[in-house]
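Asks: Heads up: take any position in the sequence shown, counting from 1, add 8, and you land on my numbering.
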Amino acid sequence: MTAAKVLVVDDEPQIVRALRINLAARGYQVITAHDGAAALRAVADTKPDVVILDLGLPDMDGNEVIAGLRGWTTVPIIVLSARSDSPDKVQALDAGADDYVTKPFGMDELLARLRAAVRRSAVSTSDEVEAVVKTEAFTVDLVAKKAERDGQEVHLTKTEWGVLELLVRNRGRLVSQKQLLREVWGPTYENETHYLRVYLAQLRRKLEREPSRPVPRQESGSVFLDESCAC
Numbered sequence: 009m010t011a012a013k014v015l016v017v018d019d020e021p022q023i024v025r026a027l028r029i030n031l032a033a034r035g036y037q038v039i040t041a042h043d044g045a046a047a048l049r050a051v052a053d054t055k056p057d058v059v060i061l062d063l064g065l066p067d068m069d070g071n072e073v074i075a076g077l078r079g080w081t082t083v084p085i086i087v088l089s090a091r092s093d094s095p096d097k098v099q100a101l102d103a104g105a106d107d108y109v110t111k112p113f114g115m116d117e118l119l120a121r122l123r124a125a126v127r128r129s130a131v132s133t134s135d136e137v138e139a140v141v142k143t144e145a146f147t148v149d150l151v152a153k154k155a156e157r158d159g160q161e162v163h164l165t166k167t168e169w170g171v172l173e174l175l176v177r178n179r180g181r182l183v184s185q186k187q188l189l190r191e192v193w194g195p196t197y198e199n200e201t202h203y204l205r206v207y208l209a210q211l212r213r214k215l216e217r218e219p220s221r222p223v224p225r226q227e228s229g230s231v232f233l234d235e236s237c238a239c
């Protein structure tokens with residue numbers, strides 16, 4: 009049986025060392041990252057079974073890392089943080105964390121929570137998507153949150169990115185107009201279909217080589233930017 013792979017994200021060397029020694033002694037493969045950007049890339053590159061994440065990182069808040077991961081992966085995330093107040097725990101769990109352990113922590117308790125997370129990881133891979141998605145016309149990097157056409161980065165507004173990200177995460181499946189409007193704009197916008205016509209037209213102009221003739225859906229995994237909101 010292949011050993012479970014654990015990504016430890018923390019900027020405290022003593023914590024990283026203690027976790028690496030204890031996890032390796034119990035048969036886990038251990039990968040480490042010391043800031044948020046490295047953590048996001050490590051998840052994309054190594055596909056760990058579980059992420060153990062500190063919230064106080066030098067380049068970004070851990071909640072931003074959680075939100076970035078939840079845009080494209082369901083990997084279980086165990087927060088390991090010195091923040092013990094209830095609002096901090098609620099924020100992390102609402103962002104998409106699966107569990108929350110406060111520092112200082114007992115190694116036995118953390119290992120028990122890790123085992124539970126590994127079990128969840130083994131049965132929850134159906135919603136995973138690739139971090140970098142390439143089409144004939146453009147490339148979308150869900151980790152870096154950017155799109156490129158012909159090797160050049162394309163500037164997208166926050167809303168344009170929200171539409172594109174949702175389509176990419178659901179490629180090969182039908183995305184209804186109401187679902188797009190609800191998830192990108194909010195539940196009160198479900199009937200504002202003219203928003204989609206405007207934003208999908210903008211995305212076509214920015215990403216498609218021939219905006220008036222989008223690349224047709226030839227495979228179930230393609231991304232299709234048309235007004236029917238199919239992907």
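All residues carry an ideal CB built from backbone N, CA and C; glycine is no exception.
Does the Cβ of Gly70 have 16 or more other Cβ atoms within 10 Å, making it buried, or fewer, making it exposed?
Replies: By 1-based counting over the sequence shown, the position of residue 70 is 62. Answer is buried; the Cβ neighbour count reaches 16.
Asks: By alpha-carbon positions, which one of Ala47, Leu204, Thr54 ends up nearest to Arg190?
Replies: For the purposes of this step, residue 190 is taken as the residue at position 182 of the sequence shown. When only C-alpha atoms are compared, the closest one is Leu204.
Asks: Nearest-angstrom Cα distance between Ile74 and Ala100?
Replies: In the sequence shown, residue 74 corresponds to position 66, counting from 1. In the sequence shown, residue 100 corresponds to position 92, counting from 1. Cα to Cα, Ile74 sits roughly 8 Å from Ala100.
Asks: Taking a contact to mean a Cβ-Cβ separation below 9 Å, would you say Asp19 touches Pro56 in this structure?
Replies: As a working mapping, residue 19 is identified with position 11 in the sequence shown. As a working mapping, residue 56 is identified with position 48 in the sequence shown. No, these two residues do not count as a Cβ contact at 9 Å.
Asks: Please report how far the alpha carbon of Arg128 lies from the alpha carbon of Pro84, in whole angstroms.
Replies: Your numbering for residue 128 matches position 120 in the sequence shown. Your numbering for residue 84 matches position 76 in the sequence shown. Computed Cα separation, rounded: 7 Å.
Asks: To the nearest whole angstrom, what separates the beta carbons of Val109 and Arg121, a pair I think is in contact under 8 Å?
Replies: Here residue 109 is taken as the residue at index 101 of the sequence shown, counted from 1. Here residue 121 is taken as the residue at index 113 of the sequence shown, counted from 1. Indeed they touch by this definition, with Cβ atoms about 6 Å apart.
Asks: Give the straight-line distance between the Cα atoms of Leu172 and Val16, rounded to the nearest whole angstrom.
Replies: Taking the sequence shown and counting its residues from 1, the one referred to as residue 172 is at position 164. Taking the sequence shown and counting its residues from 1, the one referred to as residue 16 is at position 8. So the two alpha carbons sit approximately 30 Å from each other.
Asks: Do you know how far the Cα of Leu48 is from the Cα of Val14?
Replies: Reading the sequence shown from its first residue, position 6 is the one you call residue 14. Reading the sequence shown from its first residue, position 40 is the one you call residue 48. Their Cα atoms are separated by approximately 14 Å.
Asks: Return the chain-ordered list of same chain residues with a C-beta closer than 8 Å to the C-beta of Val24, the five sequence neighbours on each side being excluded.
Replies: Numbered from 1 along the sequence shown, position 16 holds the residue referred to as residue 24. Result list for Val24: Val16, Asp18, Thr40, His42, in chain order.
Asks: Going by C-alpha to C-alpha distance, which of Gly79, Glu216, Ile86, Asp102 sits closest to Val162?
Replies: Taking the first residue of the sequence shown as 1, we reach residue 162 at position 154. Of the listed residues, the one whose Cα sits closest to Val162 is Glu216.
Asks: If you follow the alpha helix (DSSP H) that Met97 is in, where does it begin and where does it stop?
Replies: For this step, residue 97 is matched to residue 89 along the sequence shown. In the sequence as presented, Met is not what sits at residue 97; that position holds Lys. Note, Lys97: alpha helix (DSSP H), 94-103.
Asks: Judging by CA-CA distance, which residue of Val98, Asp53, Val206 is the nearest neighbour of Thr165?
Replies: Counted from its first residue, the sequence shown places residue 165 at position 157. Of the listed residues, the one whose Cα sits closest to Thr165 is Val206.
Asks: Hey, Val192 and Trp80: beta-carbon distance below 9 Å or not?
Replies: If you number the sequence shown from 1, residue 192 lands on position 184. If you number the sequence shown from 1, residue 80 lands on position 72. Contact: no.
Asks: Using the C-alpha atoms, what's the distance from Ala52 back to Val87?
Replies: Reading the sequence shown from its first residue, position 79 is the one you call residue 87. Reading the sequence shown from its first residue, position 44 is the one you call residue 52. Their backbone Cα atoms lie some 19 Å apart in a straight line.
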